[in-house]
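J.: Let me begin by handing over the structure; questions about it come next.
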Amino acid sequence: QQQVKQSPQSLIVQKGGISIINCAYENTAFDYFPWYQQFPGKGPALLIAIRPDVSEKKEGRFTISFNKSAKQFSLHIMDSQPGDSATYFCAASRLGPGPASKLTFGTGTRLQVTL
Amino acid sequence: DTEVTQTPKHLVMGMTNKKSLKCEQHMGHRAMYWYKQKAKKPPELMFVYSYEKLSINESVPSRFSPECPNSSLLNLHLHALQPEDSALYLCASSPTRTSGGGPAGDTQYFGPGTRLTVL
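Order-wise, the sequence lines are chains A and B.
Residue 34 in my numbering sits at position 34 of the first sequence, with consecutive numbering throughout.
Residue 1066 in my numbering sits at position 66 of the second sequence, with consecutive numbering throughout.
Right, here's the structure in full:
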């Protein structure tokens, strides 16, 4: 029940295309859903995040769509660029034992944007 | 400033060595985290400190020993590691929900990591 399932495992998109990555969760206690972008040899960087009271959030070329009833959320990257080539992790958060949150990560998607 | 710093960037150690990883943040965050990340895998949570107290230990072997000397610093002491412990070790910090951050306390900021190789 703690898992977050992410697909696809890898994705190749042409420059200018739309990249779509999907995630699904089971635990209804999750109440915060961030996406992280990670380049090789670097730490994950927060890209965009959403809460269950909103169905969509857009920041520039990045959009999260959230379907609470289906327990699914997805990341859309519009006008994909070669610089977007990275590994993307979805995650879900809930309050941990104590005042800090506890993140559960998806398995990751390696995105390659070709010229 | 949303930066979490980690030192060293790279570390090579033998199985009998004792070494420490360091993490620092000056964002006033009162929650700090250690993660372990193997190649092509997501980060795995190891430890969580809240208000300088250990609140989560994800059943990590005792050869890893965390320490939080103050609200800005987090250390991970390493002793008698095994080659399978080689990985990228990530530190993160966040506000806490009970410090007025509300659900915004969920935003974790990661450092660049320490690449650890155990020979």
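In this text, a Cβ means the ideal position worked out from N, Cα and C, and glycines have one as well.
Going along the chain, which unbroken runs of the beta strand (DSSP E) with 3 or more residues stay wholly within the segment 26-87 of chain A?
T.: 33-38, 45-50, 56-59, 62-67 and 72-77
J.: Compare the C-beta of LYS42(A) with all C-beta atoms of chain B and state if any pair is closer than 8 angstroms.
T.: Judged by the 8 angstroms Cβ criterion, LYS42(A) is in contact with chain B.
J.: Using DSSP bridges, identify the partner residues of HIS1079(B).
T.: LYS1018(B)
J.: Whole angstroms are fine: how far does the CA of GLY106(A) sit from the CA of LYS5(A)?
T.: 6 angstroms
J.: To the nearest angstrom, report how far apart CYS1023(B) and GLN1037(B) are at their CA atoms.
T.: 16 angstroms
J.: Exposed or buried, what is PHE39(A) when buried is set at 16 or more other beta-carbons lying within 10 Å of its beta-carbon?
T.: exposed
J.: Can you name, in chain order, every residue of its own chain whose Cβ lies under 8 angstroms from the Cβ of THR1016(B), other than the five neighbours on each side?
T.: ALA1080
J.: Between which two residues does the beta strand (DSSP E) holding THR1096(B) run?
T.: First-last for THR1096(B): undefined, no H or E at that position.
J.: Which of the three DSSP states, helix, strand or coil, is assigned to GLU1084(B)?
T.: Three-state DSSP puts GLU1084(B) in a helix.
J.: Can you give me the Cβ contacts of GLY1101(B) inside the same chain, cut-off strictly under 7 angstroms, excluding the 5 residues immediately before and after it?
T.: In this prediction, GLY1101(B) has a pLDDT of 49, which is less than 50 and means its spatial position is unreliable; what the coordinates show is noted afterwards. Here the set comprises PRO1095.
J.: Would you report the Cα separation of ILE48(A) and THR114(A), rounded to the nearest angstrom?
T.: In this structure, the alpha-carbon of ILE48(A) lies about 23 angstroms from that of THR114(A).
J.: Output, in chain order, the set of chain A residues within a Cβ distance shorter than 8 angstroms of LEU1045(B).
T.: LYS102 and LEU103
J.: Between the Cα of GLU1052(B) and the Cα atoms of SER1086(B), ASP1085(B), PRO1043(B) and SER1072(B), which residue gives the shortest distance?
T.: SER1072(B)
J.: If we ignore side chains and look at the alpha-carbon of each, how far apart do LEU1011(B) and THR1107(B) end up?
T.: 28 angstroms
J.: Any beta carbon from chain A within less than 8 angstroms of GLY1111(B)'s own beta carbon?
T.: yes
J.: Taking Cβ positions, are LEU1116(B) and LYS1018(B) nearer each other than 8 angstroms?
T.: no
J.: Alpha carbon to alpha carbon, how far is LEU1088(B) from MET1013(B)? Give it in angstroms, no decimals.
T.: Cα to Cα, MET1013(B) sits roughly 14 angstroms from LEU1088(B).
J.: Compute the Euclidean distance between the alpha carbons of GLN112(A) and ALA1092(B), then round it to the nearest angstrom.
T.: Going from the Cα of GLN112(A) to the Cα of ALA1092(B) covers about 26 angstroms.
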